[in-house]
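One structure below.
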Amino acid sequence: MLELGKYADAILSSWGATLALLIALILVTWRRSVQVKKALHTAEKRASGNG
Amino acid sequence: MIALLVRDMRLAMRAGGGFGLGLAFFLIVSTLVPFGVGPEAAILSRIAPGILWVGALLACLLSLDRIFQLDFEDGSLDLLATAPIPMEGTVAIKALAHWLVTGLPLTLAAPAFGALMNLQSPGHYWIFVTLLIGTPALSMIGAFGAALTVGLKRGGLLLSLLVLPLYIPTLIFGAEAATRGTAGLSALTPLLIMAGITAGSVALLPFAAASALRINLR
Amino acid sequence: MSLWEFANPVRFMALSGKVLPWVIGLTALTLIPGLIWGFFFTPEAVNFGNSVKIIYVHVPSAMMAINIWVMMLVTSLIWIVRRHHVSVRAAKAAALIGVTMTVIALITGAIWGEPMWGTYWAWDPRLTSFLILFLFYLGYMALWAAIENPDTAADLTSVLCIVGSVFALLSRYAVNFWNQGLHQGASLSMDKEEHVADVYYLPLLLCLAGFVLLFIALVLIRTRTELRLVRLHRLEIRERMKDA
Numbered sequence: 046m047l048e049l050g051k052y053a054d055a056i057l058s059s060w061g062a063t064l065a066l067l068i069a070l071i072l073v074t075w076r077r078s079v080q081v082k083k084a085l086h087t088a089e090k091r092a093s094g095n096g
Numbered sequence: 127m128i129a130l131l132v133r134d135m136r137l138a139m140r141a142g143g144g145f146g147l148g149l150a151f152f153l154i155v156s157t158l159v160p161f162g163v164g165p166e167a168a169i170l171s172r173i174a175p176g177i178l179w180v181g182a183l184l185a186c187l188l189s190l191d192r193i194f195q196l197d198f199e200d201g202s203l204d205l206l207a208t209a210p211i212p213m214e215g216t217v218a219i220k221a222l223a224h225w226l227v228t229g230l231p232l233t234l235a236a237p238a239f240g241a242l243m244n245l246q247s248p249g250h251y252w253i254f255v256t257l258l259i260g261t262p263a264l265s266m267i268g269a270f271g272a273a274l275t276v277g278l279k280r281g282g283l284l285l286s287l288l289v290l291p292l293y294i295p296t297l298i299f300g301a302e303a304a305t306r307g308t309a310g311l312s313a314l315t316p317l318l319i320m321a322g323i324t325a326g327s328v329a330l331l332p333f334a335a336a337s338a339l340r341i342n343l344r
Numbered sequence: 352m353s354l355w356e357f358a359n360p361v362r363f364m365a366l367s368g369k370v371l372p373w374v375i376g377l378t379a380l381t382l383i384p385g386l387i388w389g390f391f392f393t394p395e396a397v398n399f400g401n402s403v404k405i406i407y408v409h410v411p412s413a414m415m416a417i418n419i420w421v422m423m424l425v426t427s428l429i430w431i432v433r434r435h436h437v438s439v440r441a442a443k444a445a446a447l448i449g450v451t452m453t454v455i456a457l458i459t460g461a462i463w464g465e466p467m468w469g470t471y472w473a474w475d476p477r478l479t480s481f482l483i484l485f486l487f488y489l490g491y492m493a494l495w496a497a498i499e500n501p502d503t504a505a506d507l508t509s510v511l512c513i514v515g516s517v518f519a520l521l522s523r524y525a526v527n528f529w530n531q532g533l534h535q536g537a538s539l540s541m542d543k544e545e546h547v548a549d550v551y552y553l554p555l556l557l558c559l560a561g562f563v564l565l566f567i568a569l570v571l572i573r574t575r576t577e578l579r580l581v582r583l584h585r586l587e588i589r590e591r592m593k594d595a
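Chains as they are written, first to last, in the numbering used here: chain A, 46 to 96; chain B, 127 to 344; chain C, 352 to 595.
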């Protein structure tokens, strides 16, 4: 394991916070994208089905 | 245009909204701060200009949503939009009316309320001058925020969220000028910059606010 | 063929769909090695010790926080002038990324500030500017969320973005002035971008590229989502009108 010295807490917490926020952002973006894609798909099917 | 100004001011006075309420709020803030900070005269007199500025700013914020909301609800804003006065003029007049019923009374009251916070001798003068120059910008920026949120049912909280960041430069230069003046230092630079912000806001923001109003009236 | 061709939502969807996998791949190829390089394979700095490793997340996020606002300003202007739907949706899509970057910059800055300056927060001009930028992002996003009609929301948020940019810039100078006015010469800025040796600079560059690519990938995905939402909204309105 890497020796981080006396700044270990600061480094780990800032990297941890960054990665957590970035991953959260990516997950939110991805989930919303899938949701909307699905919703649009069903809506378009309904629209074309109704004529 | 003068008729509109008179009408707006009369409405504001009668509706019991901005006029008395803003002043009362300002007085309460000036009373509460010493309770929170403690009664030491030295500390209070040091922070007094800043507190007075923040208090005036918040008091100004209270009545912003009334600038357009009532006229929007009863449809007179639509009439004003089709009236011969350009929308920019209407916005400017309404901001002026708001300033006359809130900004100006706050400016006049601030030196007196300063006594509650042990504001020292040149301070009264400086808080008056800085507020006199700065509050028109607050009213104008507020009118822009009110124009953005006029169509919303519960726009009050959003309005504060939008307007307060826009108030930051005015607040910084205004409070800085007041603090420096009170401390006997030269306050000319921040005062001039603040005057510039006020002039710029009054000159340009009516256009932004009017376009926001037109969008909301579509 | 002009650049404005891509402003057509259909063409944008087609093109961005093709480009997106490449952008995602490139992001993975730059961001992950960059971060690993920065975290594991960089030496201690003389002044900062190992805490210099925070630079690899702090500086890229801070740069993105500002640049994303600039991008939103440009796209808002394009919407106001030329009324291209893709443009304003991209501005909306970028806002959440921008606010995340601002929060990352603030948090890592505060954590770094504690060992370096002995305090989590100082009213240093740079820190203060970022806090103000955060407030502007919040206001912009709140206005988007509050207005139901998408076209009205697009117009009003664009106006807010343009006016807000002017005031954000003013705040930047105001804050500089204000802090210097209070403590003369006691500046906490560290001029970190200057004199950085190559050992730190190269991985930093890779991280920067990674953050930029990550932003592009995310903004493409989010813009696509927004455009789909617009279409969904139209379909729903049409359906409701048919029912009525």
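Even glycine gets a Cβ: it sits at the ideal position worked out from N, Cα and C.
Chain A contact residues for R582 of chain C, given Cβ-Cβ distances below 9 Å: Identification of chain A residues near R582 of chain C by a Cβ-Cβ cut-off of 9 Å yields L85, A88 and E89, ordered along the chain.
Nonlocal neighbours in the same chain, by C-beta distance under 8 Å from V367 of chain C, ignoring five residues either side: It is worth fixing the name first, because residue 367 of chain C is Ser in this sequence and not Val. Same-chain partners within the cutoff: L571, T574 and R575.
A325 of chain B, buried or exposed, once every other Cβ within 10 Å from all chains shown has been counted against 16: Per the 10 Å Cβ criterion, exposed.
Rounded straight-line distance, which links the Cα of L482 of chain C to that of D475 of chain C: Going from the Cα of D475 of chain C to the Cα of L482 of chain C covers about 11 Å.
C-alpha distance - W60 of chain A paired with G464 of chain C, whole-angstrom precision: Our two residues, W60 of chain A and G464 of chain C, have alpha carbons roughly 14 Å apart in a direct line.
7 Å Cβ cutoff met for A461 of chain C and W472 of chain C: Yes, these two residues count as a Cβ contact at 7 Å.
Whole-Å CB distance - I341 of chain B paired with L507 of chain C, under 8 Å assumed: Under the criterion of beta carbons closer than 8 Å, I341 of chain B and L507 of chain C qualify as touching, at roughly 6 Å.
7 Å Cβ cutoff, R77 of chain A in contact with chain C: By this cut-off, R77 of chain A is an interface position.
Under 7 Å from the C-beta of P295 of chain B: neighbouring residues of chain C: Those are F518, L521, S522 and A525, listed as they occur along chain C.
V276 of chain B in three-state terms, based on DSSP: In the structure shown, V276 of chain B falls within a coil segment according to DSSP collapsed to helix, strand and coil.
Chain C residues whose Cβ lies nearer than 8 Å to that of I323 of chain B: Residues of chain C with a Cβ closer than 8 Å to the Cβ of I323 of chain B are, in chain order, L521.
C-beta neighbour in chain A for R591 of chain C, strict 7 Å: No, R591 of chain C does not count as interfacial toward chain A.
Where W472 of chain C sits in the DSSP three-state scheme: Secondary structure at W472 of chain C: coil, using DSSP grouped into helix, strand and coil.
Residues, ordered as in the chain, of the stretch 49-73 of chain A that lie near chain C by beta-carbon distance below 9 Å: Residues passing the 9 Å Cβ filter: L49, G50, K51, Y52, A53, D54, A55, I56, S58, S59, W60, A62, T63, L64, L66, L67, A69, L70, I71 and V73.
Chain-ordered neighbours of N74 of chain B on chain C, where CB pairs are closer than 8 Å: This structure leaves residue 74 of chain B out entirely; chain B is present only between 127 and 344.
C-beta contact flag for I448 of chain C and A568 of chain C at 7 Å: Cβ distance not < 7 Å, so I448 of chain C and A568 of chain C don't count as in contact.
Chain E contact for A221 of chain B (CB, 7 Å cutoff): Any reference to chain E falls outside this structure, whose protein chains are A, B and C.
Span separating the alpha-carbon of I406 of chain C from that of F390 of chain C: Cα to Cα, I406 of chain C sits roughly 10 Å from F390 of chain C.
Helix, strand or coil at S327 of chain B according to DSSP, with G and I counted as helix: If DSSP states are grouped into helix, strand and coil, S327 of chain B belongs with the helices.
Short Cβ contact (7 Å threshold) for A168 of chain B with V217 of chain B: The answer is no: Cβ separation not under 7 Å.
I267 of chain B versus L187 of chain B - alpha carbon distance: Roughly 10 Å separates the two Cα atoms.
Segment limits, alpha helix (DSSP H) that includes M423 of chain C: DSSP places M423 of chain C in the uninterrupted alpha helix (DSSP H) bounded by I406 to R433.
Cβ contact (3+ pairs, closer than 8 Å) linking the stretch 316-333 of chain B and the stretch 296-304 of chain B: By the criterion of at least three beta-carbon pairs nearer than 8 Å, the stretch 316-333 of chain B is in contact with the stretch 296-304 of chain B.
is_contact[G490 of chain C, chain B] using C-beta, thresh 7 Å: Judged by the 7 Å Cβ criterion, G490 of chain C is in contact with chain B.
Start and end residues, alpha helix (DSSP H) containing K51 of chain A: Where K51 of chain A is concerned, there is no enclosing alpha helix (DSSP H), because DSSP gives it neither an H nor an E.
Whole-angstrom distance between T305 of chain B and C496 of chain C, CA atom to CA atom: According to the sequence as given, residue 496 of chain C is Ala; it is not Cys. Cα-Cα distance, rounded: 39 Å.
Close-in-space but distant-in-sequence residues of the same chain around Y488 of chain C (CB under 8 Å, 5 per side omitted): Within the same chain, W420, A446, G449, V450 and T453 come within 8 Å of Y488 of chain C by CB-CB distance, once the 5 residues on both sides are set aside.
L55 of chain A versus H409 of chain C - alpha carbon distance: One detail in the question is off: residue 55 of chain A reads as Ala in this sequence, not Leu. Distance between the alpha carbons of A55 of chain A and H409 of chain C: 12 Å.
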